[in-house]
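Undergrad: Mapping of the sequence shown onto our numbering: position 47 corresponds to residue 376, and the numbering continues sequentially without gaps. The structure is given below, and queries will be raised subsequently.
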Amino acid sequence: MAEEFRFAWMVYSAGTLVLLLAGWWFMRNWSWAWLRWLILAVTAAALLAPTRWGEPDTPVMPVLPLFVYQTLFDQNGATPEVTASLVIASGGAALLVILSGLGLVLIRRLRARRRERDEDPYLNVR
Numbered sequence: 330m331a332e333e334f335r336f337a338w339m340v341y342s343a344g345t346l347v348l349l350l351a352g353w354w355f356m357r358n359w360s361w362a363w364l365r366w367l368i369l370a371v372t373a374a375a376l377l378a379p380t381r382w383g384e385p386d387t388p389v390m391p392v393l394p395l396f397v398y399q400t401l402f403d404q405n406g407a408t409p410e411v412t413a414s415l416v417i418a419s420g421g422a423a424l425l426v427i428l429s430g431l432g433l434v435l436i437r438r439l440r441a442r443r444r445e446r447d448e449d450p451y452l453n454v455r
């Protein structure tokens, strides 16, 4: 990767990180934590997922800005490769957050059952 693209990626990644941290800061008091994590994870995946456009030797670019650029300024619209990359990155991030949320709900439920069983005098014979 050329030096100017490496520098551009560093600046873009730092800006995206600042944007995500600001989003987390303003949403930190939400009562629905899973929604906050879903929004932040999908946004991060859409903004930071890399994709190639055109020739195989072209530099890697972030997928969401490339999708918006192609949609607005290209005559044929966004290419299927860029659209698929955007959908897969966003869907994968959403799936990851949903699966981790379901896992946390299951763990909480198992802990609550164990606590109820330990506190029940009829089942707790020690």
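Idealized CB from N, CA, C, for every residue including glycine.
1) Is the distance from the Cβ of Ala370 to the Cβ of Ala441 below 9 Å?
2) Can you give the Cα-Cα distance for Ala378 and Ile417, rounded to whole angstroms?
3) Assuming contact is defined by CB atoms lying nearer than 9 Å, are Leu367 and Leu348 in contact in what I supplied?
4) If contacts are defined as beta-carbon pairs under 8 Å, then Trp363 and Gly430 qualify, I think. What distance do you get, rounded to the angstrom?
5) Could you check whether the Cβ of Val426 sits closer than 8 Å to any heavy atom belonging to the ligand FAD?
6) On the CB-based measure, 16 or more other CB atoms within 10 Å of its CB, does Leu452 come out buried or exposed?
7) Looking at Arg381: is its Cβ nearer than 9 Å to the Cβ of Thr387?
8) For Thr380, write down the residues that DSSP places opposite it in a beta bridge.
9) Where do the ends of the alpha helix (DSSP H) carrying Trp353 lie?
10) What do you get for Phe402, buried or exposed, if any count of 16 or more other CB atoms within 10 angstroms of its CB means buried?
TA: Looking at the coordinates:
1) no
2) 10 Å
3) no
4) 5 Å
5) Ligands are entirely absent from the displayed structure, and the ligand FAD is therefore not among its contents.
6) exposed
7) yes
8) Met390
9) 332-355
10) exposed
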